[in-house]
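There are 2 protein chains.
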Amino acid sequence: MPSCCCIKNKPVRSANSSWGAEPPRSPRGEPRPAGTAAMDIEKVNSMDFGEFVDVFGNVIERCPLIAAAVWSQRPFSGLEDLEKHFFAFIDALPPSGQEGILRCHPDLAGRELLRGALTAESLREQSGAGLTSLGAAERLRLAELNAQYRARFGFPFVLAARLRGREAVPRELARRLQCPPAQELRAALAEVKKIGRLRLADLLAGHPAPR
Amino acid sequence: MPSCCCIKNKPVRSANSSWGAEPPRSPRGEPRPAGTAAMDIEKVNSMDFGEFVDVFGNVIERCPLIAAAVWSQRPFSGLEDLEKHFFAFIDALPPSGQEGILRCHPDLAGRELLRGALTAESLREQSGAGLTSLGAAERLRLAELNAQYRARFGFPFVLAARLRGREAVPRELARRLQCPPAQELRAALAEVKKIGRLRLADLLAGHPAPR
Chain A
623 MPSCCCIKNK
633 PVRSANSSWG
643 AEPPRSPRGE
653 PRPAGTAAMD
663 IEKVNSMDFG
673 EFVDVFGNVI
683 ERCPLIAAAV
693 WSQRPFSGLE
703 DLEKHFFAFI
713 DALPPSGQEG
723 ILRCHPDLAG
733 RELLRGALTA
743 ESLREQSGAG
753 LTSLGAAERL
763 RLAELNAQYR
773 ARFGFPFVLA
783 ARLRGREAVP
793 RELARRLQCP
803 PAQELRAALA
813 EVKKIGRLRL
823 ADLLAGHPAP
833 R
Chain B
623 MPSCCCIKNK
633 PVRSANSSWG
643 AEPPRSPRGE
653 PRPAGTAAMD
663 IEKVNSMDFG
673 EFVDVFGNVI
683 ERCPLIAAAV
693 WSQRPFSGLE
703 DLEKHFFAFI
713 DALPPSGQEG
723 ILRCHPDLAG
733 RELLRGALTA
743 ESLREQSGAG
753 LTSLGAAERL
763 RLAELNAQYR
773 ARFGFPFVLA
783 ARLRGREAVP
793 RELARRLQCP
803 PAQELRAALA
813 EVKKIGRLRL
823 ADLLAGHPAP
833 R
């Protein structure tokens, strides 16, 4: 029986994605070994769809469907090619589907963080941006802004937190809260892509994380 | 702070979805109360996107993106209308996206079941079909057929198991293994819709599960 849905005991390690559970589980629900090891594109191209979704299923937050669709486009010539297919899938969706992607994201410094329900990638990113160590007043301020943003746009505020400091987050949130909805949808999707680019770069060897 | 992403302590109960973790968690990673209570369409239409994705995020297996996109189409007139929007989203995807949906499904009586990594809905369905109590020979036979199917079509065999007995599963698998790929993609998506219809019917009051 081929191992189509689990990469345990194989040399390729996952991004240690989690749907908020311990121990970490892949987007297909498989337990995963901790830690991340880089891989080259030949290894990526040799993956069956189960392995591919396990490894890349959270490149777009909580949207393993997108990685599962991108697998159809293999072989990939490299990181940029792989990234191109993820982004092309996002761009081809109708606006409701693009908003759907955003709605699969957690708030920054929000309820999911407080409850330990973030994916491993999101926790790492929010932690790296200092959002896990906010004071009560900062958290409250962000919660208020997040709520206003959700009420205005119908999706949560998404920002590539790794590329910003904790001070920039409420400032950027307050600024984007004033944008026209169509412009803001584009801005939010651009952040989704920045996050995806960084997560992909983490998974592939020899590619520095682009800023 | 509005409760946009959690239905805990609210009258509407979720389908107790799980990404394979205990305690059960929603598609957005929130812990969920156990059990399922029915709801009417007015309640559905009053949900913010966080609640909606928590409740309907696994109508299409491990594809909360689809529920999150469908929320844009509210208000819904009833179960059929809600179902129509889920199915329209699936139908509008390119073939790679439709295959992506299939690739988010587990094998029947496969690795995810053995490891306790099924979603709550999938476990209930496979259990109801008797697939959790197969003998070793039956499991091996299914595993072989599942592997052949995956190798031939590039996605796992999907069947609305609740509508079939355990004897029908390997028979149907062996039959569909012989189908032309384009026909089989259509057949598999029809099964995804049957599963989605049953899951939606479970969540709404007064609607018998259509067969």
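Residue numbers (the numbering used here), protein chains in the order written: chain A, 623 to 833; chain B, 623 to 833. Using N, Cα and C, we set each Cβ at its ideal position, and we do this for glycine too. Computed from a prediction, not measured in an experiment: that's the story for all the values here.
| query | result |
| --- | --- |
| Counting contacts by CB-CB distance shorter than 7 Å, is GLY750 of chain B in contact with chain A? | no |
| So, do the stretch 665 to 673 of chain B and the stretch 661 to 671 of chain A have three or more beta carbon pairs nearer to each other than 8 Å? | no |
| Considering only the beta carbon of each residue, do PHE709 of chain B and ILE688 of chain B sit closer than 7 Å? | no |
| Kindly provide the ranges of any alpha helix (DSSP H) runs that are 4 or more residues long and lie completely inside the stretch 759 to 819 of chain B, ordered along the chain. | 790 to 798 |
| On the criterion of 16 or more Cβ atoms from any shown chain inside 10 Å, does ARG684 of chain A qualify as buried, or is it exposed? | buried |
| Determine, using beta carbons only, whether ALA690 of chain A comes closer than 7 Å to chain B. | yes |
| What is the DSSP secondary structure of LEU826 of chain A, counted as helix, strand or coil? | strand |
| Can you list, in chain order, the stretches of the alpha helix (DSSP H) that have 4 or more residues and sit fully within the stretch 691 to 770 of chain A? | 701 to 714, 717 to 725, 733 to 736, 742 to 750 |
| If you draw a straight line from the alpha carbon of LEU735 of chain B to that of THR754 of chain B, how long is it in whole angstroms? | 8 Å |
| Hey, does LEU756 of chain B have any beta-carbon neighbour from chain A nearer than 7 Å? | no |
| Show which residues of chain A have a CB atom less than 8 Å away from the CB atom of ARG777 of chain B. | The question names Arg, but residue 777 of chain B in the sequence shown is Phe. By Cβ distance, chain A contributes PHE671. |
| PRO717 of chain A: buried (16+ other C-beta within 10 angstroms of its C-beta) or exposed? | exposed |
| Given this structure, state the Cα-to-Cα distance separating LEU799 of chain B from LEU764 of chain B, to the nearest angstrom. | 12 Å |
| Would you say the stretch 793 to 809 of chain A touches the stretch 818 to 828 of chain A, given that touching needs at least three Cβ pairs under 8 Å? | no |
| Compare the C-beta of VAL666 of chain A against all C-beta atoms of chain B and say whether one is closer than 7 Å. | no |
| Does the stretch 761 to 781 of chain B touch the stretch 804 to 821 of chain B, meaning 3 or more C-beta pairs lie closer than 8 Å? | yes |
| According to DSSP, what are the bridge partners of MET661 of chain A? | A:LEU826 |
| Under 7 Å Cβ to Cβ from ARG784 of chain B, same chain only, skipping five residues before and after it: list those, please. | GLU747, GLY750, ALA751, LEU820 |
| How about ALA691 of chain B and GLY722 of chain A: are their beta carbons less than 7 Å apart? | yes |
| Verify the CB distance criterion: does GLY719 of chain A have a CB-CB separation below 7 Å to chain B? | yes |
| How is ALA656 of chain B classed by DSSP in three states: helix, strand or coil? | Because ALA656 of chain B sits at a pLDDT of 40, beneath the cut-off of 50, its placement in the model cannot be relied upon, and the following sentence gives the value as read from the coordinates. Reduced to three states, the DSSP call for ALA656 of chain B is coil. |
| Kindly indicate which three-state DSSP category ILE629 of chain B falls into: helix, strand or coil? | Any reading at ILE629 of chain B must be qualified, since the residue scores a pLDDT of 28, below 50, and its modelled position is unreliable; the value itself is stated next. ILE629 of chain B falls in the coil class under three-state DSSP. |
| Taking the C-alpha atoms as reference points, what is the distance between LEU745 of chain A and ALA759 of chain A? | 21 Å |
| Are the beta-carbon atoms belonging to LEU756 of chain B and ALA731 of chain B less than 7 Å from one another? | yes |
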